[in-house]
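Colleague:
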Amino acid sequence: MLDLRFVRENIELVEESLRKRGNELSLDKFREMEEERRRILTDVEKLKHRRNVVSDQIGELKRKGEDTGEIIAEMKELSGKIKEYDERLKELENNINDILLVIPNIPHESVPVGSTDQDNEEVFRWGEPRNFSFTPKAHWELGEGLDILDFGRAAKVTGARFTFLKNAGARLERSLVNFMLDLHVEKHGYREVFPPFLVNAASATGTGQLPKFAEDMFKLEGLDYYLIPTAEVPVTNLYREEILAEKDLPIYHVAYSACFRAEAGSHGRDTRGIIRQHQFNKVELVKFVKPEDSYAELEKLTADAEEVLQLLGLPYRKVVLCTGDLGFSSAKTYDLEVWLPAYNDYREISSCSNFEDFQARRAGIKYRREEDGRVEFVHTLNGSGLAIGRTLAAIMENYQNEDGSITVPEVLRPYMGIDVIR
RNA sequence: GGAGAGGUGUCCGAGCUGGCUGAAGGAACUCGCCUGGAAAGCGAGUGUAGGCAACCGUCUACCGAGGGUUCGAAUCCCUCCCUCUCCGCCA
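Heads up: the first sequence is residues 50 to 471, going by this note's numbering.
1. Starting from the C-beta of Pro473, find all residues in its chain whose C-beta is less than 7 Å away, skip the five residues before and the five after it, and write them out in chain order.
2. Under a Cβ-count criterion, where at least 16 other Cβ atoms within 10 Å of its own Cβ denotes burial, should Val284 be classed as buried or exposed?
3. For Asp394, does the three-state DSSP call read helix, strand or coil?
4. Looking only at its own chain, which residues have a Cβ that is under 7 Å from the Cβ of Arg318, when we skip the five neighbours before and after it?
5. By Cβ distance below 6 Å, which residues in the same chain neighbour Arg471 in space, the five residues on each side in sequence not counted?
6. Using the Cβ count rule (16 or more neighbours within 10 Å means buried), how would you classify Val162?
7. Return the chain-ordered ranges of every alpha helix (DSSP H) run that is complete within the stretch 141–214 and spans a minimum of 4 residues.
8. Mind checking which residues open and close the alpha helix (DSSP H) that includes Tyr344?
9. By DSSP, does Gln258 sit in helix, in strand, or in coil?
10. Here's a check: name, in chain order, each residue in its chain whose Cβ is nearer than 7 Å to the Cβ of Tyr239, leaving out the five neighbours to either side.
11. Decide yes or no for the touch test of the stretch 121–133 against the stretch 365–383: beta carbon pairs closer than 8 Å, at least 3 of them.
12. Specify, as a first and last residue, the run of the beta strand (DSSP E) that Glu235 falls within.
13. According to DSSP, Asn450 sits in a beta bridge with which residue or residues?
14. Which of the three DSSP states is assigned to Phe337 in this structure?
15. Going by DSSP, what residues sit across from Cys308 in a beta bridge?
16. Given Gly413, which residues of its chain have a CB within under 7 Å of its CB, disregarding the five upstream and five downstream residues?
17. Please determine if the stretch 266–277 and the stretch 246–257 are in contact, where contact requires at least 3 C-beta pairs separated by less than 8 Å.
18. With C-beta atoms as the reference, is Glu386 less than 7 Å away from Arg366?
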C-alpha cells in the first residue's frame with residue numbers, strides 16, 4: 050500500500066494515477082476521515098498525558114498514605130472520555146486503512162499510459178517463429194495423441210481446468226522445473242527455497258492478493274489458509290515484519306511451487322489445453338533490494354527469465370504493460386510472451402514486476418542502512434522464471450514433428466534422457 | 001488431538017505479590033579517551049510507529065495478538081496465535 054502521509058499530502062497525484070489505471074476511486078472520504086483522525090488523535094493524546102501525570106501523583110500520594118478519593122474520581126471521568134475518543138479513533142483508523150488497502154500502486158513514470166493490453170508496448174522480439182512445412186497441431190491434440198496429457202480423466206477425478214500429465218509429459222514437466230531451478234541457482238545466483246503452498250490471510254494481504262482479490266484464490270473451508278496463487282506470496286512474506294541488514298541485500302530467491310487460481314472471471318477463455326488451469330507449476334524469482342537499485346534489478350530479473358526462453362530456443366517478445374493493464378501491486382511490469390503456433394500469437398509466459406515499497410510497506414519488510422542507522426522499506430520484485438505448464442505447451446507446439454512426435458530441446462536432454470517424445 | 005512450560009528491545013536475560021520500568025544486568029554496535037597499533041579498560045550513545053512543532057524539541061502508543069478488570073497493567077483475568085517438552089496419531 051501507499052504511505053498514509055504520502056497519500057494525505059499528494060491526494061491529487063494519487064487520484065491522477067488511479068485515473069491512469071482506469072480506476073475512478075474518489076479520495077474525498079479519505080481526506081475527511083484523515084482530518085478527523087488527526088484532530089482526535091491530538092486531543093486524546095493530551096488526555097492520555099494528563100492521565101499519566103495524575104497516575105504518578107496517585108502513586109506518590111498512596112505511598113505517603115494520603116487521601117486520593119477526589120483525584121481518583123477525576124481520573125474516572127478522564128478515563129471514560131479517553132475510551133470514547135479511542136473508540137472513534139479506532140473506527141477511523143480501520144476505515145482509513147481499508148481505503149489504503151485497495152489503492153493500487155502508482156505506476157512508474159516510464160510506464161506507458163493506456164487502458165487495455167492493446168496499449169502495451171512491445172520492447173523487442175527474440176527468435177523467429179518457425180515455418181512449418183505441415184499444419185502444426187495444438188498442444189492438446191499432440192498431448193492426447195502421445196498419451197502424455199489426459200484431460201478427460203482429470204475432469205473425472207477433479208474437474209474442469211485440471212490436467213493429468215503422463216509418461217514423458219510428466220517427465221518433461223519435472224525436467225523443466227529442474228532445468229530452471231538449476232539455471233537460476235547455478236548461473237544467476239538465486240538461493241533456492243521450497244515454500245508452503247498454503248498461506249494465512251496476513252501473508253496474502255502482504256503481497257496484495259487480499260483484501261481486493263479474495264475471489265481469485267482458493268480458501269480452505271473454516272480455516273485461515275489460502276492456496277497460493279504463486280510462490281511470490283510465501284517467498285515475499287519470508288521476511289514479513291523483519292528488519293534486514295543492509296549487508297544482506299540484495300536477496301535473490303528462486304522457488305518452485307504449484308500455483309492455484311480460482312479465476313472466477315476466466316470462464317470461456319482458453320478452455321482447451323493447459324494454458325489456463327486451476328493448478329499449474331511455476332518457478333518464481335523473488336528479489337529484495339535497496340530502493341535505489343530496484344529498476345536495474347528489474348532489468349536483470351527479466352533478463353534472467355528471458356535466458357530460459359533463449360536456452361530452450363523458444364521465440365518470444367518482451368512487452369511493457371501500460372497503466373491500464375498493470376497489476377494492482379506493481380509499479381512496472383514486463384511481460385514475456387512466448388510464440389504458440391496453434392494460437393498463431395504470442396502468449397504470456399512470464400510477468401516480471403517491480404513493486405517498489407508497495408508490498409514491503411504492507412508486509413513490514415525493512416532494512417537498516419549502515420550509513421546512518423535509519424530504517425526504510427526494501428523494494429520487492431518478482432517474476433516467473435518461468436510458468437512450467439505454458440513452457441511445456443510451447444515446447445510441444447514449437448518442437449513438434451509432422452508425425453506428431455516432439456523433439457526434446459537440447460538443454461533438456463540430460464534431464465529427459467531421450468531426444469524425442471513419440 | 002491431550003498434558004505441561006514459555007513468548008520482554010539487535011541478541012541473551014531480569015521484572016510478573018499492579019504505580020518510582022520504555023523497561024535492570026550483560027553482549028553487540030557507534031563515537032570519544034587511552035595505545036606505536038590492537039586488545040583490555042574508561043566515558044557517552046544506540047528501538048519502532050504516530051501526532052504536534054518542524055531549528056532544538058515534545059507528546060502518545062508498543063513487553064506474541066486482541067479484548068477485559070482498574071484511577072493506573074509488561075505485571076491480574078479471558079480468547080487466539082506461535083515455540084519447546086512429554087503422550088497420541090501419521091508420511
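From the three backbone atoms N, C-alpha and C, an ideal C-beta is built for every residue, glycine too.
Modeller: Quick look at the numbers:
1. The requested residue 473 is not part of the displayed model; the chain covers only 50 to 471.
2. buried
3. strand
4. Arg325
5. Ser454
6. exposed
7. 188–194 and 200–206
8. Ser343 to Leu361
9. coil
10. His233, Tyr301, His302, Val303 and Leu334
11. no
12. Run containing Glu235: none; DSSP gives neither H nor E here.
13. Per DSSP, none; premise fails for Asn450.
14. strand
15. Phe329
16. Arg289 and Glu290
17. yes
18. yes
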